[in-house]
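Letter 184 of the sequence shown, counting from 1, is numbered 202 in my numbering, and no numbers are missing. All C-beta atoms, glycine included, are put in the ideal place defined by N, C-alpha and C. In this text, all values refer to a predicted model and were calculated from it rather than measured experimentally.
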Amino acid sequence: MNDKITIPVWALGNFIVVMNTTMFNVSLPDIIEQLHITAGQGSWIVSGYSIVFALSTIIFSRLSDFIPIRKLWSIGITLLVIASIVGLFADSFGLVLFARLFQASGAGATPGLGMVLASRYVPYERRGRAISMIASGSALAFGLGPVIGGAITQYLGWHELFAVTCLVVLLVPILWRLIPKETLDRVRFDYVGAALIVITSSAFLIAVTQLSIIVLILSIVALWLTAWHLRRVEKPFIPPILFRNAAYRKLLFIAFSVFVLNLSMLFLMPLIYSKVFTMGAASIGLMIFPGAFLSACLLKLVGRWIDRYGNFRFMIAGHILLGISILMISLWVHASAYVTLAAYLIFSPALSSVTSALSNEVSRILPKHLIGSGMGLTQLSQYLGGSFAVAVCGIFLVWQKNTAPALAYQHLYFILFIILLISLTMLGLYKKSGKAIKQAASAVQDRETVQS
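Encoded structure:
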């Protein structure tokens with residue numbers, strides 16, 4: 019595979035698909051008003067998408083272990099485009115929600131399979147650059163999504179947001195030729211395991227968002243059933259050997275924590291600009307954009323540095339910069355809107371550096387036959403962390419409804435700083451087990467060298 023052409027094209031597709039996640043955030047008030055629905059119903063257009071998106075990511079990644087990437091990506095894009103056409107003409111809440119959930123079921127193919135593609139076909143010495151380039155598409159999408167979504171909603175209407183996503187279909191014939199043809203062993207797919215993972219994750223997120231004890235108990239029961247099933251089936255949806263890998267478990271926890279910080283920041287910043295500084299949707303998007311743009315510009319350079327200097331240094335440096343940006347907002351959120359702007363200029367590149375280095379580290383310590391499931395589980399952990407964070411932040415703000423907005427946000431950012439310290443501590447524990455990690459990674463790279 020010519021990764022110097024394939025990876026940039028994939029990153030462009032990743033940008034279009036991921037941007038669909040954030041474009042609808044700023045259009046939510048218009049959708050609620052035009053469809054005559056409650057704010058609670060409207061929130062499912064965003065949160066429901068996130069839940070299905072997270073689950074489809076791991077399913078597509080796991081399927082890539084025995085179904086060619088080209089075929090899987092084509093299926094995902096087909097689902098995404100069909101759903102977008104339905105949404106373009108939807109005139110009821112039920113149909114709009116169906117279109118968004120249907121979109122998410124196909125959208126998860128792009129970020130999930132992108133990491134598998136880079137891990138499987140890009141040599142280790144260039145893999146950091148490839149993963150960073152794919153991540154740069156996501157970083158730019160997170161920043162541009164609110165800007166483009168706000169402009170389209172204001173001048174054309176929110177229905178046209180569905181049309182933007184259809185642009186990804188232009189890349190299908192190009193990537194169909196660039197992605198390697200694969201011949202994989204046929205394996206019986208663990209449908210029961212996949213269904214249990216979906217039920218467990220969905221029930222957990224619904225329990226958090228709805229504060230339901232009954233659904234929480236259901237998620238715990240589903241988790242027990244999932245663990246029991248994965249231990250007894252011959253070819254499980256998620257190989258239990260992944261959970262027996264202590265180094266991988268630590269990276270999984272860090273992935274969850276980092277995306278708690280990421281989605282919390284993206285959820286809280288628009289509220290700060292709106293509630294504390296009374297800005298409109300267009301102005302809010304413009305305040306978020308510089309950080310995302312800087313991140314996308316720096317990631318190519320960061321990818322080269324990761325390949326040269328290693329993943330761990332960038333995970334440590336990224337955590338330190340994340341801490342600085344979070345402390346800036348927690349201490350001076352009331353001072354000026356430009357404090358939050360400056361903080362996000364630090365936060366966004368640091369976050370992208372951490373996630374790129376972490377994904378590269380996962381590909382380094384796992385054998386090739388576990389990369390699909392390992393990458394999928396890592397991304398599921400990230401998106402579950404993000405969905406969990408948004409729900410908890412919303413609940414926390416409701417609890418503080420009688421507190422001055424700036425003070426409520428300060429409290430939240432202090433909590434995020436504590437989460438960052440916990441993640442940094444886990445990273446330190448990961449470093450302490452470095453000898454075993456290096457031995458495992460060297461064995462993986464030796465096998466890849468022999469195979470190539």
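Own chain, CB closer than 6 Å to residue i, minus 5 neighbours either side, in chain order
i	result
S370	A153, A157, S313, L317
Y327	none
L384	G392
Q418	A426
Y67	R118, A122
N329	A375, N378, E379
S399	L270, A273, F274
A335	none
M133	S377, M393
G236	This sequence places Leu at residue 236; Gly is not what is there. Same-chain partners within the cutoff: A221.
L442	H337
I238	none
Rounded separation between residue i and residue j - CA only
i	j	result
C315	K293	30 Å
V233	T218	10 Å
F4	P258	Only positions 19 to 470 of the chain appear in this structure, which leaves residue 4 out of reach.
R80	A117	24 Å
A127	Y401	14 Å
F180	S45	12 Å
K22	I50	44 Å
I344	L286	12 Å
V165	V36	14 Å
V251	L241	16 Å
L445	K268	7 Å
F414	I440	20 Å
L185	L119	19 Å
V462	L229	The pLDDT assigned to V462 is 48, lower than 50, so where the model puts this residue is not dependable, and the model offers no usable value.
R147	D325	7 Å
L304	A212	40 Å
S102	A221	26 Å
I215	L248	10 Å
V99	V187	7 Å
G163	M346	25 Å
Y139	K89	16 Å
Q397	P86	20 Å
K253	N263	18 Å
E466	R144	Any answer about E466 is weak, because its pLDDT of 46 lies below 50 and its placement is not dependable; what the coordinates show is given next. If I take the Cα positions, the gap works out to 14 Å.
Y362	V182	26 Å
F42	A407	18 Å
S301	K199	46 Å
C337	W246	This sequence places His at residue 337; Cys is not what is there. So the alpha carbons of these two residues sit roughly 36 Å apart.
F435	T201	47 Å
W350	P141	45 Å
T24	A368	25 Å
Assigned secondary structure, residue i (DSSP; H/G/I helix, E/B strand, else coil)
i	result
D48	helix
P198	coil
S470	Annotation note: pLDDT 44 at S470 (below 50); position unreliable, coordinate value reported separately. Coil.
H54	coil
K253	coil
G471	This structure leaves residue 471 out entirely; the chain is present only between 19 and 470.
R206	coil
M92	The sequence shown places Ser at residue 92, rather than the Met named in the question. Helix.
F42	coil
L438	helix
G36	Per the sequence shown, the amino acid found at residue 36 is Val instead of Gly. In the structure shown, V36 sits in a helix (DSSP, three-state: H, G or I).
A108	coil
F332	helix
I103	helix
I85	coil
Same chain, Cβ closer than 7 Å to residue i, five either side skipped, listed in chain order
i	result
F365	M283, G309, L340, S343
P423	K293, V294
L115	W62, I63, G66
L243	L214
L97	F120, S123, G124
H177	L106
T373	A153, V276
Own chain, CB closer than 8 Å to residue i, minus 5 neighbours either side, in chain order
i	result
S92	V190, W194
A409	S65, L223, V226, T227
N20	L196
I437	S275, V278, L279
L388	P257, I259, L260
CB contact below 8 Å: residue i versus chain B
i	result
Q228	Looking for chain B here will not work: only one protein chain is present.
Practice item. Give a yes or no on contact between the region 113-126 and the region 69-76, applying the rule of three or more CB pairs nearer than 8 Å. Key: yes
**Study point:** Touch test, the region 340-360 against the region 94-110, Cβ-Cβ under 8 Å, three pairs minimum
**Key:** no
Check your understanding: Are the region 318-332 and the region 138-152 touching by the rule of at least three beta carbon pairs closer than 8 Å?
Key -> yes
Practice item. Give a yes or no on contact between the region 128-137 and the region 31-38, applying the rule of three or more CB pairs nearer than 8 Å. Key: yes
Practice item. Could you pull out every unbroken alpha helix (DSSP H) segment of at least 4 residues lying fully inside the region 353-422, listed in chain order? Key: Along the length of the region 353-422, whole alpha helix (DSSP H) runs at least 4 residues long occupy 355-383, 389-417, reported in chain order.
**Study point:** Any alpha helix (DSSP H) of 4 or more consecutive residues that is wholly inside the region 214-250
**Key:** 231-250
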